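**Q**
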Amino acid sequence: MGEERIEIGANPEFPTNSQIQNSLPGLENSWVWCEISSKIPENLDEAAVWTTSIKSTALALDVAPSRCHKVDWTRLAGLGRVGEGRGGRLFSRFAGLMRLITAGLLEVLGFDFFFAGERRRKTYRGHMEVYNFIKKKMASRSFLFIYVLVMFSLAGMAFSDLSDDFYHHICPKALPTIKRVVEDAVRKERRMGASLLRLHFHDCFVNGCDASILLDQTSTINSEKTSRANNNSARGFEVIDKIKSEVDKVCGRPVVSCADILAVAARDSVVALHGPSWKVKLGRRDSTTASRTAANDNIPTPFMDLAALIKNFKKQGLDEEDLVALSGSHTLGFAQCFTFRNRIYNETNIDPTFRRQRQANCPRSGGDSNLAPLDPTPALFDSKYFSDLRSKKGLLHSDQALFSGGKTDDLVEKYSKNLGMFSKDFAESMIKMGDIKPLTGKRGQIRVNCRKVN
């Protein structure tokens, strides 16, 4: 059975563990200095015993067997950890070899993004066949060998999909921290749950889920906050700021993107208001640009009819079921008078009593920012929004358009009678929306401050 032994480099120019720790406060033993023997196990089924005299939170492998040099922790975060303790560490052959391959990938190609979680075995079976073939053809693990291996590994690793365990090793406290801050914010102001959900929605509909909505106006940034849909309407930015601050604190560094914070905060807001939960796919990076024009063009308006709504959602890769399910987010929150004034004064497909109630708080002129609930229980995730549509009590024109004799009527009726079905479809559509054009790999950045580009 093959064996890999990692030893401490004896070269006096290498810093000691204490020097490393002192130079990188908060990242205990985040560098590993090592030499690696040239013998590599042959098969996935073989076990490899990896030994080290360094207590470490990460295993970094060198490309060349003859010398050691530093490998950035941030490049290898999430690939697994070496637990503290004495003696060696027993790793599965798969896990150990994947660390070797990925270390080579990151060193040769210079990728500086994060990987998290154990990779699916089937993804690498093909890579392993190539690995074993090339190894038999080469006497030593040279730069060329690693380079060729990396080329085959690249497609399965560098551009992998988002994953719900992305921060599991990078920062396991990240998601609980987001949840705590969101729950505190919603507890203080119930309306905040809908506001945070809406931020994620408006972010994803403008060039993908990349946190562009959070960027403030500058000489080079045309902030989406000033678009028609967001100006004096989008809110919750201070909660996102607090989440970012708290998460970076528990992680020890900025490793969680603002785009991922928006996605998780949206989920946690729904849960805080008694709605469904779902596994949020993570690994997005943050944009370095924003577009007020794109926001004006792509965020659906409260004045759209059904055909326009279907077309708008289709542009984002979302279908009619997604349209109805995601519109169900209006089971939470409020709308400003100017968004529904025309409906309550000029439209006919509206319940007369409901019309009078809304007119009492929304005059024909003035009071543009006066609020009205989008459904009778604006702080509770339920199906009353859909029941209201069937009774011609949709607050917005775009709401009532979903139940107006068109192709979405049947789904509205089903959701009104079956909260479980609505909750399930809503969660699935939220996951689907969260997949809209994420930035991954080297695209974008992890912002230090969600309001501005690094």
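Residue 6 is where the sequence shown starts when you use this note's numbering, and the numbers rise one by one after that.
For every residue, glycine included, the Cβ atom is placed at its ideal position computed from N, Cα and C.
Model, not experiment: these values are computed from the prediction.
Nearest to glutamine 405 by alpha carbon, out of Glu194, Glu352, Gln222, Leu376?
**A** With distances taken between Cα atoms, glutamine 405 lies closest to Glu352.
**Q** Buried or exposed, going by whether 16 or more other CB atoms sit within 10 Å of the CB of histidine 174?
**A** Counting Cβ neighbours within 10 Å, histidine 174 comes out buried, since at least 16 surround it.
**Q** Leaving out five residues on either side along the sequence, give the residues of the same chain with a beta carbon under 8 Å from the beta carbon of proline 443.
**A** These residues qualify, in order along the chain: Leu167, Gly213, Cys214, Asp215, Ala264, Gly288, Arg289, Arg290.
**Q** Reducing DSSP to helix, strand and coil, say where proline 307 ends up.
**A** Correct three-state label for proline 307: coil.
**Q** What residue range does the alpha helix (DSSP H) around proline 357 cover?
**A** Taken as a continuous stretch (DSSP letters only), the alpha helix (DSSP H) holding proline 357 covers 357 to 364.
**Q** I want to know whether the stretch 327 to 335 touches the stretch 422 to 433 - three or more CB-CB distances under 8 Å.
**A** Cβ pair count under 8 Å is three or more, so yes.
**Q** Leaving out five residues before and five after aspartate 310 in sequence, what residues of the same chain have Cβ atoms less than 7 Å from its Cβ?
**A** Hits under 7 Å: Ala406.
**Q** On the DSSP letters alone, give me the boundaries of the beta strand (DSSP E) that glutamine 405 sits inside.
**A** Unbroken run through glutamine 405 is the alpha helix (DSSP H), 402 to 405; no beta strand (DSSP E).
**Q** Terminal residues of the continuous alpha helix (DSSP H) containing alanine 482?
**A** The question about residue 482 has no answer here: the residues shown for the chain are numbered 6 through 459.
**Q** Ordered along the chain, which non-local residues of its own chain (more than five positions away) have a Cβ less than 8 Å from that of cysteine 209?
**A** Same-chain partners within the cutoff: Gln321, Met438, Gly439, Ile441.
**Q** Excluding the 5 residues flanking leucine 323 on each side, which residues of the same chain have their C-beta closer than 6 Å to its C-beta?
**A** Hits under 6 Å: none found.
**Q** How is the alpha helix (DSSP H) around proline 181 delimited, first residue to last?
**A** Element bounds for proline 181: 179 to 193.
**Q** In angstroms, rounded to a whole number, what distance separates the CA positions of asparagine 235 and glutamate 229?
**A** One C-alpha to the other measures close to 7 Å.
**Q** For phenylalanine 339, which three-state DSSP category applies?
**A** DSSP places phenylalanine 339 in strand when its eight states are reduced to three.
**Q** So if DSSP puts serine 168 in a beta bridge, which residue, or which two residues, is it bridged to?
**A** The partner list for serine 168 (beta bridge, DSSP) reads Leu287.
**Q** Quick check: what's the CA-CA separation for alanine 121 versus leucine 220?
**A** Unreliable placement is indicated for alanine 121, whose pLDDT of 33 sits below 50; no coordinate value is reported for it.
**Q** Using the Cβ count rule (16 or more neighbours within 10 Å means buried), how would you classify glycine 88?
**A** Residue confidence is low: glycine 88 scores 31 on pLDDT, short of 50, so the model does not pin down where it sits. No coordinate-derived value is stated.
**Q** Do you know offhand how far leucine 202's Cα is from alanine 270's?
**A** Going by the C-alpha atoms only, they are around 7 Å apart.
**Q** Can you have a look at proline 3 and say buried or exposed, based on whether 16 or more other CB atoms are within 10 angstroms of its CB?
**A** Absent from the structure is residue 3, since the part of the chain shown begins at 6 and ends at 459.
**Q** As a quick exercise: from Arg456, Arg192, Gly410, Thr445, pick the residue whose alpha carbon is nearest that of lysine 286.
**A** Among Arg456, Arg192, Gly410, Thr445, the Cα nearest to that of lysine 286 belongs to Thr445.
**Q** Where do the ends of the alpha helix (DSSP H) carrying leucine 204 lie?
**A** Start and end: 196 to 209.
**Q** Do tyrosine 390 and leucine 379 have their C-beta atoms closer together than 8 Å?
**A** Closer than 8 Å, so yes.
**Q** Can you tell me where the beta strand (DSSP E) holding leucine 379 begins and where it ends?
**A** Careful: leucine 379 lies outside any beta strand (DSSP E) and carries neither H nor E.
**Q** Excluding the 5 residues preceding and the 5 following glycine 449 in the sequence, name in chain order all residues of the same chain whose CB lies nearer than 7 Å to its CB.
**A** Counting only Cβ-Cβ distances below 7 Å, and skipping sequence neighbours, we find Asp215, Arg290, Asp291, Ser292, Thr293.
**Q** Take the Cβ of asparagine 347 as the centre, count every other Cβ of all protein chains shown within 10 Å, and call the residue buried at 16 or more, exposed below.
**A** Exposed: under 16 other Cβ atoms inside 10 Å.
**Q** Using the beta-carbon count (16 or more within 10 Å), is isoleucine 189 buried or exposed?
**A** The identity of residue 189 in the sequence shown is aspartate, whereas the question assumes isoleucine. Exposed, by the Cβ-count rule.
**Q** Taking one C-beta from the stretch 235 to 254 and one from the stretch 449 to 459 each time, how about it: are there three or more such pairs within less than 8 Å?
**A** Contact between the stretch 235 to 254 and the stretch 449 to 459 is present, because at least three Cβ pairs lie under 8 Å.
**Q** Using the beta-carbon count (16 or more within 10 Å), is asparagine 366 buried or exposed?
**A** Asparagine 366 comes out exposed.
**Q** Leaving aside the five residues before and after threonine 21 along the sequence, list all residues of the same chain whose C-beta is less than 8 Å from its C-beta, in chain order.
**A** Residue confidence is low: threonine 21 scores 43 on pLDDT, short of 50, so the model does not pin down where it sits. No coordinate-derived value is stated.
**Q** Starting from arginine 258, follow the alpha helix (DSSP H) in both directions and report where the run begins and ends.
**A** First-last for arginine 258: undefined, no H or E at that position.
**Q** Given a cut-off of 8 Å, decide if phenylalanine 206 and serine 296 are closer than it, judged by their beta-carbon atoms.
**A** In this structure, phenylalanine 206 does not lie closer than 8 Å to serine 296 by Cβ.
**Q** Considering only their Cβ atoms, is the gap separating isoleucine 315 from glutamate 326 smaller than 8 Å?
**A** Not a contact, by the Cβ cut-off of 8 Å.
**Q** Measuring only the C-alpha atoms, how far is valine 275 from glycine 198?
**A** Taking the straight line joining both Cα atoms gives about 7 Å.
**Q** Candidates Pro357, Gly280, Glu194, Cys342: which alpha carbon is nearest glycine 425's?
**A** Of the listed residues, the one whose Cα sits closest to glycine 425 is Gly280.
**Q** Alanine 384 by DSSP, collapsed to three states: which one?
**A** Note: alanine 384 maps to strand in three-state DSSP.
**Q** With 16 other CB atoms within 10 Å as the buried threshold, where does asparagine 354 fall?
**A** Exposed.
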